[in-house]
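Residue numbers (this note's numbering), protein chains in the order written: chain Z, 176 to 616; chain L, 925 to 1128.
Structure, as structure tokens:
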Amino acid sequence: MLRLAIAFLFLIASIYLLVQLSLNPVMLFVTIISTLYFALILLSYLFYEERKTEDFAPPVSIIVPAYNEEENIAETIQGLLSMDYPEFEIIVVDDGSTDRTYEIAKRFEGDRVKVFRKKNGGKASALNFGLKHVSYDFVACMDADSVPSKNALREIMKLFLDEDVGAVTPALLVYKPGNLVEKFQWAEYLTSELIRRVYDHMDAQYVTPGPLSVYRKKVLDEVGPFNENSIVEDLEMAIRIQHAGYRIAHASKAAVYTKTPRTWRSLLKQRLRWNLGAVEHLFSKHNLTLGNLGVIVIPFTLLGISIVFILFFKMLYDLLKPLEPFFTFLKLGGHLTVKPTLDTQTFLASTLSINPIQVISFIITLFAIYFVLKLAKEYNEPIYWDGLLLFLAGYFLFSFAVWSLVIYYKVLGGEIRFGGVTWRGGALRRLIRSSSSFPST
Amino acid sequence: MAGRSSKKVDKKLIELSIYLAVLLFLVSFAGAYLGLLGRTSLVESDVSNTLVDMLSLLEIGEPTACDLTTLHIIGDELDRIGQILSTGKYPEYLLKYYVLLEYKHYKLVESYNKDCNGSLTPILFFITKDCPKCDAMAGILTNLKQSDPGHIYIYTFNATIPSPIVHYLIRHYNVKEFPTIVVDHNICHVCTYDELRSIAGEKR
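See below:
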């Protein structure tokens, strides 16, 4: 604790230095949080090392829930069948598709592939249905629009040699990005891979992603089935696994390619679902006891959201400030006169100097570019420069749009349907609904 | 027992991250300071050049017999600097230079009127900050200037500017309230457009 206290003193001293430059306190807050988070990420990444494990290849049951996936299901099943893995079964659960998903999947039925059909009830219900038909002690859950690399399962299963591991996640990559929306996500997913490695090092992973995650069957029996009322059953399951004391490991050598939204509208809807789910299941004081996840990751995620809003409004202010003389002109009834002000310090600080915030932003941006390029090379991905530039320049605007939608829906929004699950609507709407249902006296 | 360990916080990671963040702050502070030194040296070179230009302008700004060329040269320089001042981002010396040029221009106009039988109307306009009446009078004076731009010249002196010329003029005309408008030794504080027009007309 003493060492930590000394470290904090150093931090306060350096903040004092920055304050002497009369930096805007809001930007100072943004800089401190961003720098601390960047330092955490950088160090965790430097400390991260691939766990040295032996080969471990027990039989695995792979559940593939599918709803209206006639375009993808064949490729997904073929991709699974071509995996380099000794023994596994594939359980396709058609969740009441209205297209030819079931018929196409049925063509593959055989020793290794079982196909079921059920009434539409959402992905979680399809997964739970599949769980009742698994034969083995390890269960993989995979989306019907994902394609695993040949060695994905082999790399994932090695990590289960550690008995503390309750689930394992792979590296998620975008499947053949075509348009700018997909290339934007290509850059984002590579950055997320960096974060996943870091969170693995911290034992702070809070989602077992839908495209592919593998669970120990006894852990699922212990924590219970997937929550059929949740819009983010993968995140909700991961939090329960963390609370049960298990580790969620990350197999960075296991690549899974997933098809991502092709339009901004569908991408926004996806992220709205993810983040509404995060608000419900992740940002809870119940999770503060989860070690690094509770003390580091969740608070920094919340601070990061506040930074998105701060940066947006600062950008708006900077854009509108040059118009100030125009408003003065209007106020004087059309007579513009020179009104000089004396502010040498402002002049020095803003015009002559490069301030530390700019230097830090530059360093962080350089590292972001470095990591994306490094990981792209590691996974033999082509570089989509337009996607990368759009991601670097526009990610915070995109985040602002997403979180604004989340806040709106959380407070005022009505019910939304995400697949087979209906999200119940904002707090105000529910209040209005519940008060209008009271009988009049 | 597997999977039953409570989750621990990695204090060592937090400590090292704080040290790294401090190091990043110091590096960025040093980088910003070096950047400032670099850009300051460029500005110092600019300032030296500007000082030479200023002295050159003042050298040629001596009254000559009935020639309005110098007046126009100084007028153009006033316009140029006025545009920089209107951005709100300028060094203090530029503001004082502007005041100096204004006064130079005013003296040239007075000399022209006296020696060449000129009919130019110089108007001194004293203002201060946070002065709504000054803003109102500024509007009226702008209209006046626009009515006869070739003959009416308005010289604005802000009392808050630490310039010896401003201090001198304020003492000379005994300016005690703001705004104060001086037209050929006629002083008014809040005048109407017509009052100013008639004073300027009498001068002509």
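Built from N, CA and C at the ideal position, the CB exists for glycine as well.
- Contact residues of the stretch 1027 to 1045 of chain L toward chain Z are absent (C-beta to C-beta distance below 9 Å).
- Listed along the chain, the chain Z residues whose CB falls inside 9 Å of the CB of V1106/L amount to none; the nearest CB is some 17 Å away.
- Assigned with DSSP and collapsed to three states, A430/Z falls in strand.
- Per DSSP, I485/Z has no beta bridge partner at all.
- Among the residues facing chain L, A543/Z is not included, as its CB has no counterpart in that chain under 9 Å away.
- Contact between the stretch 1004 to 1016 of chain L and the stretch 1037 to 1044 of chain L is not established, with fewer than three Cβ pairs separated by less than 8 Å.
- Cα atoms of E284/Z and G589/Z: separation of roughly 42 Å, rounded to the nearest angstrom.
- Contact annotation, T206/Z with I473/Z: C-beta distance approximately 21 Å; criterion of less than 8 Å not satisfied.
- Measuring C-alpha to C-alpha distances from F185/Z to each of M202/Z, L211/Z and Y583/Z identifies L211/Z as the nearest.
- For a Cβ distance threshold of 7 Å, residue set L179 of chain Z lies close to K935/L, ordered along the chain.
- Non-local C-beta neighbours of M202/Z in its own chain, meaning closer than 6 Å and more than five positions away in sequence, comprise I532, ordered along the chain.
- Interface flag for V470/Z against chain L is set, since a Cβ pair is found closer than 9 Å.
- In the three-state scheme derived from DSSP, where H, G and I count as helix and E and B as strand, P345/Z is classed as strand.
- Around the beta carbon of P233/Z, a 10 Å sphere encloses fewer than 16 other beta carbons of the protein chains shown; the residue is thus reported as exposed.
- Residues of the same chain with a CB within less than 7 Å of the CB of I416/Z, apart from the 5 flanking positions on each side, are G341, A342, V394, V398 and I423 in chain order.
- The DSSP assignment places complete alpha helix (DSSP H) segments of no fewer than 4 residues inside the stretch 1068 to 1127 of chain L at 1088 to 1096 and 1117 to 1127, in order along the chain.
- Around S219/Z, the beta-carbon contacts reaching into chain L at under 7 Å are L937.
- In this structure, F571/Z keeps its C-beta atom at 9 Å or more from the C-beta atom of L477/Z.
- In the DSSP assignment, F263/Z falls within the unbroken beta strand (DSSP E) covering F263 to D269.
- At least 9 Å separates the beta-carbon of E262/Z from that of I237/Z.
- Using a 10 angstroms sphere on the CB of F546/Z, the tally of other CB atoms reaches 16 or more, which defines it as buried.
- Against chain L, a Cβ distance below 8 Å from L211/Z picks out S941, I942 and A945.
- With its beta carbon less than 9 Å from one in chain Z, V951/L belongs to the interface.
- The beta carbon of P352/Z is closer than 8 Å to those of K358, Q360, W361, T435, Y559 and G562 in its chain, skipping five residues each way along the sequence.
- Under the 10 Å beta carbon count, P1086/L is surrounded by fewer than 16 other beta carbons and is classified as exposed.
- Counting only runs that start and end inside the stretch 998 to 1073 of chain L, the beta strand (DSSP E) elements of at least 3 residues fall at 1045 to 1051.
- Excluding five sequence positions before and after L463/Z, the CB atoms of its chain that fall closer than 8 Å to its own CB belong to G469, V470 and I473, given in chain order.
- Legend: CB atoms of the stretch 325 to 357 of chain Z lying less than 8 Å from CB atoms of chain L belong to residues E338, D339 and G341.
- Taking I539/Z as the centre and dropping the five residues before and after it, the same chain places the C-beta of F213 closer than 6 Å to its C-beta, in chain order.
- Proximity of K931/L to chain Z, defined by a Cβ-Cβ separation below 9 Å, is satisfied.
- For the pair of segments examined, the stretch 327 to 337 of chain Z was found not to touch the stretch 268 to 277 of chain Z: the number of CB pairs separated by less than 8 Å stays below three.
- Not flagged as an interface residue toward chain Z: L1120/L, since no C-beta distance is shorter than 9 Å.
- Distance from the CA of F204/Z to the CA of L451/Z, rounded to the nearest whole angstrom, comes to 26 Å.
- By the rule that beta-carbons nearer than 9 Å mark a contact, L1024/L does not touch chain Z.
- Taking the C-beta atoms as reference points, A315/Z is found nearer than 9 Å to V235/Z.
- When the beta-carbon positions are compared, L215/Z and S941/L come within less than 9 Å of each other.
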